[in-house]
């Protein structure tokens, strides 16, 4: 068998009884105004900065449902720098830079296929919209959660770099109230990388050799003989999988009721087929999903699917000697 992603300026003028103040007085007032503006600006010379280092490795199951969380981590947010945000003024965290397009209202792509990123603050996702923000008091630090989300079918490998993730800033004002002049009181970006690999097993092709039998061993229709045990091998499976399913599909047709494979076109025997069954002799349904039974699946490693093949008399006519070969494919699904 064969198994086949600012400067500040100030001017002041005054008039009394139709006459200007002397030029010297005017200059003195203007200078005081400029000094005051400069002192206020110095209170917010630089925002609070936080560079979050990411360092992880994840395996992405190809068939995990879209919307599933693949990875999550929490980080404390920095408090806004003193003088950059008044305690009485509401403000919020918002996106300042998004290197990749948005996938949904709160998810951005990452540059690695089928994986997106969602950032939340204290359980509230940051909206992927201009000016939108998660409102907070400047005195509240909050917790930032980073989640990697399965976006669609398939899985890709590669690395999600810190530069692939959005940059956040804390600014005064919420929504349309925020303006270009509002000070940036804090900034958060990411460094490092998260390695991504496809969560698949190595499943080599397999050839099963059945021992020769005499036609008389299949004396009656429905009889079987020459059974041989074999295993479908699943090697190098990654950790973190919750489910592996397999499906068997005949290449040259089969009898669905008996799971007897029709012979390949090049076979010369007649009146015989090859039956696929479990180790208890029960026929294995073709074209249907079967779950791998393994108690330690989440640990990864190697697994076996125990099966059995046997000659099977497929019709009323007596079997005719000749070569026997039959083929099927097996497909694995990972969650």
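In mature numbering (1 follows the signal peptide of the UniProt record, and there is no 0), the protein residues as written are -42 to -1, 1 to 293.
In this text, a Cβ means the ideal position worked out from N, Cα and C, and glycines have one as well.
{"Check": "Tell me whether the beta-carbon of residue 222 lies closer than 8 Å to the beta-carbon of residue 284.", "Outcome": "yes"}
{"Check": "Just the Cα atoms here: how many angstroms apart are residue 230 and residue 270?", "Outcome": "6 Å"}
{"Check": "If you draw a straight line from the C-alpha of residue 81 to the C-alpha of residue 103, how long is it?", "Outcome": "8 Å"}
{"Check": "Output needed for residue 109: all residues of its chain with C-beta closer than 7 Å, excluding positions within five of it in sequence on either side, in chain order.", "Outcome": "-38, 24, 61, 72, 73, 74"}
{"Check": "Rounding to the nearest angstrom, what Cα-Cα distance links residue 276 and residue 190 in this structure?", "Outcome": "32 Å"}
{"Check": "Which residues in the same chain have their Cβ closer than 8 Å to the Cβ of residue 99, if we skip the five residues on either side of it in sequence?", "Outcome": "34, 35, 36, 37"}
{"Check": "In terms of residues, what are the limits of the beta strand (DSSP E) holding residue 28?", "Outcome": "27 to 34"}
{"Check": "For residue 252, which option in 287, 218, 195 has the closest C-alpha, if you only look at C-alpha atoms?", "Outcome": "195"}
{"Check": "Hey, residue 167 and residue 176: beta-carbon distance below 8 Å or not?", "Outcome": "no"}
{"Check": "In chain order, what residues of the same chain lie with their CB nearer than 8 Å to the CB of residue 155, ignoring the 5 residues before and after it?", "Outcome": "15, 16, 17, 18, 115, 196"}
{"Check": "Which residues in the same chain as residue 180 place their Cβ atom closer than 7 Å to its Cβ, once the five residues preceding and following it in sequence are excluded?", "Outcome": "271"}
{"Check": "Tell me the start and end of each unbroken beta strand (DSSP E) in the region 93 to 161 that is at least 3 residues and wholly inside, in chain order.", "Outcome": "101 to 108, 116 to 119, 125 to 130, 142 to 157"}
{"Check": "If you compare alpha carbons, which of 163, 234, 87 is closest to residue 51?", "Outcome": "87"}
{"Check": "Kindly indicate which three-state DSSP category residue 268 falls into: helix, strand or coil?", "Outcome": "strand"}
{"Check": "Identify the residues that DSSP records as bridge partners of residue 233: which are they?", "Outcome": "218, 268"}
{"Check": "Are the Cβ atoms of residue 294 and residue 53 separated by less than 8 Å?", "Outcome": "Residue numbering for the chain in the displayed model covers -42 to 293; residue 294 lies beyond these limits and cannot be assessed."}
{"Check": "Would you tell me roughly how many angstroms separate the C-alpha atoms of residue 218 and residue 200, rounded to the nearest one?", "Outcome": "31 Å"}
{"Check": "So the beta strand (DSSP E) residue 273 belongs to, where does it begin and stop?", "Outcome": "Careful: residue 273 lies outside any beta strand (DSSP E) and carries neither H nor E."}
{"Check": "Given that a residue counts as buried once 16 or more other Cβ atoms are within 10 Å of its Cβ, and exposed if not, what is residue 278?", "Outcome": "exposed"}
{"Check": "State buried or exposed for residue 13, treating a residue as buried only when at least 16 other CB atoms are found within 10 Å of its CB.", "Outcome": "exposed"}
{"Check": "How many angstroms separate the CA atom of residue 128 from the CA atom of residue 77?", "Outcome": "14 Å"}
{"Check": "Quick check on DSSP: helix, strand or coil for residue 170?", "Outcome": "coil"}
{"Check": "Unbroken beta strand (DSSP E) runs of length 3 or more, entirely within the region 56 to 84: which are they?", "Outcome": "60 to 62, 65 to 67, 73 to 79"}
{"Check": "Could you tell me the alpha carbon to alpha carbon distance between residue 151 and residue 120, rounded to whole angstroms?", "Outcome": "6 Å"}
{"Check": "Whole-angstrom Cβ separation of residue 160 and residue 207, contact assumed at under 8 Å?", "Outcome": "Contact doesn't hold; Cβ gap of about 20 Å is too wide."}
{"Check": "The beta strand (DSSP E) with residue 205 in it runs from where to where?", "Outcome": "202 to 208"}
{"Check": "Compare the C-alpha of residue 256 against each of 268, 282, 225, 293 and name the closest.", "Outcome": "293"}
{"Check": "Going by the CB atoms, is the gap between residue 39 and residue 144 shorter than 8 Å?", "Outcome": "yes"}
{"Check": "Between which two residues does the beta strand (DSSP E) containing residue 225 stretch?", "Outcome": "Premise fails: residue 225 is in no beta strand (DSSP E) and is neither H nor E."}
{"Check": "For the beta strand (DSSP E) containing residue 17, list its first residue and its last residue.", "Outcome": "6 to 19"}
{"Check": "Within the same chain, show all residues whose beta-carbon is closer than 6 Å to that of residue 260, passing over the 5 residues directly before and after it, in chain order.", "Outcome": "193"}
{"Check": "Beta-carbon within less than 6 Å of residue 264's beta-carbon, same chain only, minus the 5 sequence neighbours each way: which residues are those?", "Outcome": "189, 237"}
{"Check": "Going by DSSP in three states, residue 290 sits in which element: helix, strand or coil?", "Outcome": "strand"}
{"Check": "Any idea which residues DSSP pairs residue 176 with across the strands?", "Outcome": "In the DSSP output, where bridge partners are listed per residue, residue 176 has none listed."}
{"Check": "I need the DSSP call for residue 199, collapsed to helix, strand or coil.", "Outcome": "coil"}
{"Check": "For the beta strand (DSSP E) that residue 246 lies in, which residues bound it at each end?", "Outcome": "Counting along the chain, residue 246 falls outside any beta strand (DSSP E), and DSSP gives it neither H nor E."}
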